[in-house]
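Single-structure report; data block below.
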Amino acid sequence: MHADQLVDLTSPEPPRDCPLCPRLVAYRRVNQAEHPDWYNGPAPSFGDWNGRLMVAGLAPGRTGANRTGRPFTGDHAGWLLYETLKKTGFATGDYEARPDDTLRLTDCMITNAVRCAPPLNKPETSEEKTCRPFFVNTLAAMPNLKVIVTLGDVSRRSLLRALNLKGSTGAPGHGSEFDAGPYRVINSYHCSRLNTNTGRLTPAMFEDIFKRVRELID
Ligand code: SF4
């Protein structure tokens, strides 16, 4: 039996031991051997399935969601992301970089286009394609979804492919805003350590993205 016959491709969540991407499964095995206490599996979406906002990243970080099992939890990017979501009313509680903290999302879901951590943070195009059913199913499972914030142009293009739209739909770059199917999309620079340390993305710039979301959905 082929591996994809063992996986429910109608679900928004892949199985914990999803076997579909050989390179990513091999990387998972390496991480499992080196760090058996880590999560080491497809990172599930985190948040409110009835939310009007989705934040879409590309793939989990090795020491972030791959380690903790919750998107943007445990690596640098989470601090700015969750602080900004709290400031703009999309999160409550305290983010402490671990999945059992008190942070909760309100009216917001965070997901990744590719659910398994890739080597060097770079999934291959074939892996994006293989994981796409879960992204598509996640979109379909959010009946109130209105606005999607994509974190970086690669995430933006991945979303467009999930929506069967051309990559030329909407402009690249920070603050680009456009319609994609039934959704309004806002693209942001990724809240990575590189972008924040170099000043490419400031906390104010990032907050402005979510203030704009508020204008669109309230
Ligand atoms: S990236 Fe997606 S499709 Fe590939 S192994 Fe992980 S969960 Fe499965």
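Here my numbering is used: the first residue of the sequence shown is 71, the next is one more, and so on.
Don't be surprised by glycine CBs; every beta carbon is placed ideally from N, CA and C.
Since the model is a prediction, treat every value here as computed from it, not as a measurement.
Residue i vs residue j beta-carbon contact at 9 angstroms
i: S258; j: T220; result: yes
i: E198; j: S228; result: yes
i: A129; j: N207; result: no
i: F276; j: F160; result: no
i: C91; j: G111; result: no
i: V125; j: L155; result: yes
i: T131; j: M179; result: Correcting the residue type first, residue 131 is Gly in the shown sequence and not Thr. No, the Cβ-Cβ distance between G131 and M179 is not below 9 angstroms.
i: D242; j: R226; result: It is Pro, not Asp, that sits at residue 242 in the sequence shown. Yes; because the gap between Cβ atoms is below 9 angstroms, this pair is in contact.
i: V184; j: L286; result: no
i: A135; j: Y152; result: no
i: F116; j: P82; result: no
i: L215; j: H244; result: no
Status (buried if at least 16 other CB within 10 Å, exposed otherwise) for residue i
i: N182; result: buried
i: V100; result: exposed
i: R86; result: exposed
i: R98; result: buried
i: L123; result: buried
i: A210; result: exposed
i: N267; result: exposed
i: S196; result: exposed
i: P213; result: exposed
i: L230; result: buried
i: R137; result: buried
i: D223; result: buried
i: L264; result: exposed
i: G269; result: exposed
Nearest-angstrom beta carbon gap, residue j and residue i [assumed within contact, 8 angstroms]
i: R202; j: A232; result: 6 angstroms
i: G240; j: V255; result: 6 angstroms
i: T162; j: R174; result: 5 angstroms
i: G148; j: T133; result: In fact, because the Cβ distance is near 11 angstroms, the residues do not count as touching under 8 angstroms.
i: G139; j: A113; result: 6 angstroms
i: D170; j: D164; result: D170 to D164, Cβ: 11 angstroms. No contact.
i: C186; j: L76; result: Wrong, their Cβ atoms sit about 16 angstroms apart, outside the cutoff.
i: D118; j: T176; result: 6 angstroms
i: P106; j: F204; result: About 25 angstroms separates the two Cβ atoms, so there is no contact after all.
Bridge-paired residues (DSSP) for residue i
i: F116; result: I180
i: N267; result: BP columns for N267 are empty, so no partner.
i: E247; result: I256
i: T162; result: R174
i: I287; result: Answer is none; I287 lacks a bridge partner.
i: V217; result: L123 and R254
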